[in-house]
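Okay, structure first, notes after.
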Amino acid sequence: MNYRHIYHAGNFADVMKHLALVLILDHLKKKEAPFCVIDAHSGIGLYDLQSEAAQKTKEWEHGIGRFSGFEDNDDFALYQRSIKSYLDKGQYPGSPLLISNMLRPQDRLIANELHPDDCETLKSNLRGKQNVRVTHLDAYECIRANIPPKEKRGLILVDPPFEERDEFETLARQMGEWQKRFATGIFMVWYPIKAHLAVEKIKREAQSLSFPRTWCMETMQHPRKQEGTFNGSGLLIFNAPFQIPERLTAVLPLLQERIGLLETPTSWIVEDRP
Ligand SMILES: C[S@@+](CC[C@H](N)C(=O)[O-])C[C@H]1O[C@@H](n2cnc3c(N)ncnc32)[C@H](O)[C@@H]1O
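Below, the structure is given as structure tokens:
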């Protein structure tokens, strides 16, 4: 387990992922009924952008660093408001902190992290947060143990570091399990786009499942098949909530322009059933 998110915190992929995360939570909060979020690969929760590691790659400068004042787009501004107090201190919040800040008294978060030291740091960064349980399990075990949640509604965030060569095969197997156990859950899966990775195959696998409303969005910084580079990042959203694809699509031109992305393709993997 060599991956450390501090080298990547606040980069263009985090901006896309956390924007989608904030909008989905915003959607879930439109109903009074409680929801449960499982953040299966939590990381440490809070990143110091001035640290030696973050300064070494400076990835955040080409991501969140490209935005200053609040944008005119309301949905992007919602995301900006959720990170502002941290950015003002030279920090960037990770997914579990963003989620815990958006919970209502009736909602809960299971924040899971396998790396032992990172799990301890995560606990300390989430100390005092209400309705949050930190677990130290393999991500897929954590999901299996907790779905369906008793609330029967919620979001599962799957954000692996892709250090394992067979991560896409594992994902394909797991997606089938999720559908059997929690067919109405919202699942958001992040993936990298590199020339050698089987991105189209995982989309076909996603299409073969009977989750309705599966939507995909990608942010590309290089041509898809360029060798040896991190070309882009994608999100697969199962049970994509009503209006979320439209709201995200409306923000993409802003991301493309500010970050200088090559393209930001979106597609329905499984379209809405009549
Ligand atoms: C991309 S980072 C997570 C970033 C975080 N979701 C965010 O958006 O702020 C991936 C994390 O998964 C952890 N990890 C790696 N393998 C894991 C596994 N099998 N189960 C759970 N966590 C794992 C890594 O230690 C790392 O902290």
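0 is the number of the first residue of the sequence shown in numbering that gives the first Met the number 0; add one for each residue after it.
In this text, a Cβ means the ideal position worked out from N, Cα and C, and glycines have one as well.
Just so we're clear, the structure is a prediction, and the values are computed from it rather than from any experiment.
Output needed for residue i: all residues of its chain with C-beta closer than 6 Å, excluding positions within five of it in sequence on either side, in chain order.
i       : result
Glu-150 : Pro-33, Phe-34 and Cys-35
Arg-132 : Ile-109
Phe-288 : It is not possible to answer for residue 288, since the shown part of the chain is limited to 0 through 273.
His-7   : Glu-58
His-221 : Thr-228 and Asn-230
Val-198 : Ile-192
Gln-105 : Pro-33
Gln-173 : Tyr-139
His-135 : Cys-118
Which two residues bound the contiguous beta strand (DSSP E) that contains residue i?
i       : result
Asn-111 : 107–111
Ser-123 : Careful: Ser-123 lies outside any beta strand (DSSP E), inside the alpha helix (DSSP H) at 115–124.
Arg-132 : 131–134
Phe-237 : 231–237
Leu-24  : Where Leu-24 is concerned, there is no enclosing beta strand (DSSP E), although the alpha helix (DSSP H) it sits in stretches over 11–27.
Ile-155 : 153–157
Ile-201 : Element bounds for Ile-201: not the beta strand (DSSP E) but the alpha helix (DSSP H), 198–207.
Within its chain, find whatever has a CB closer than 8 Å to the CB of residue i; leave out the 5 residues flanking it on each side and keep chain order.
i       : result
Gln-225 : Ala-194
Ile-243 : Ala-19, Leu-22, Ile-23, His-26, Trp-214 and Ile-236
Ser-50  : Ile-5
Leu-125 : Gly-44, Pro-95, Leu-96, Ser-99, Ala-110, Val-131 and Val-133
Using DSSP's beta-bridge definition, name the partner residues of residue i.
i       : result
Tyr-91  : Tyr-46
Ser-266 : Cys-215
Asp-271 : Per DSSP, none; premise fails for Asp-271.
Ile-37  : Ile-109 and Ile-155
Would you mind working out which of the options sits nearest residue i, comparing C-alpha positions?
i       : options                               : result
Lys-202 : Asn-230, Ile-236, Arg-180 and Gly-231 : Ile-236
Ser-94  : Trp-214, Arg-65 and Met-187           : Met-187
Arg-107 : Thr-263, Gly-62 and Leu-97            : Leu-97
Asp-25  : Ser-81, Tyr-91, Ala-12 and Glu-60     : Ser-81
Glu-140 : Ala-52, Ile-155, Gln-129 and Gly-127  : Ile-155
Pro-147 : Glu-119, Leu-136 and Phe-181          : Phe-181
Gln-90  : Asp-137, Asn-10, Leu-253 and Lys-122  : Asn-10
Trp-177 : Asn-238, Ser-123 and His-61           : Asn-238
Met-219 : Val-14, His-4 and Ile-5               : Val-14
Asp-116 : Thr-263, Gly-175, Met-0 and Thr-183   : Met-0
Gly-64  : Ser-232, Ile-23, Ile-268 and Leu-254  : Leu-254
Glu-256 : Ala-52, Phe-66 and Arg-3              : Phe-66
Leu-86  : Leu-48, Arg-103, Asp-73 and Thr-120   : Leu-48
Lys-55  : Met-174, Asp-158 and Arg-3            : Arg-3
Lys-179 : Ile-142, Leu-125, Ser-41 and Leu-102  : Ile-142
His-61  : Ile-268, Gly-259, Ala-249 and Ser-266 : Gly-259
Ile-268 : Gly-233, Lys-29 and Val-250           : Gly-233
Which same chain residues end up closer than 7 Å to residue i when comparing Cβ atoms and leaving out the 5 residues on each side of it in sequence?
i       : result
Ala-76  : Phe-69 and Glu-70
Asn-145 : Ile-37 and Ile-109
His-17  : Tyr-78, Ser-94 and Leu-97
Pro-240 : Ile-23, His-26 and Ile-185
Asp-137 : Leu-113
In the DSSP assignment, find the unbroken alpha helix (DSSP H) run with residue i in it and report its ends.
i       : result
Met-187 : Here Met-187 belongs to no alpha helix (DSSP H); instead the beta strand (DSSP E) covers 185–192.
Asp-73  : 73–86
Ile-243 : 243–258
Ile-142 : 138–145
Arg-164 : Where Arg-164 is concerned, there is no enclosing alpha helix (DSSP H), given that its DSSP letter is neither H nor E.
Lys-57  : Note, Lys-57: premise wrong, no alpha helix (DSSP H); not H, not E.
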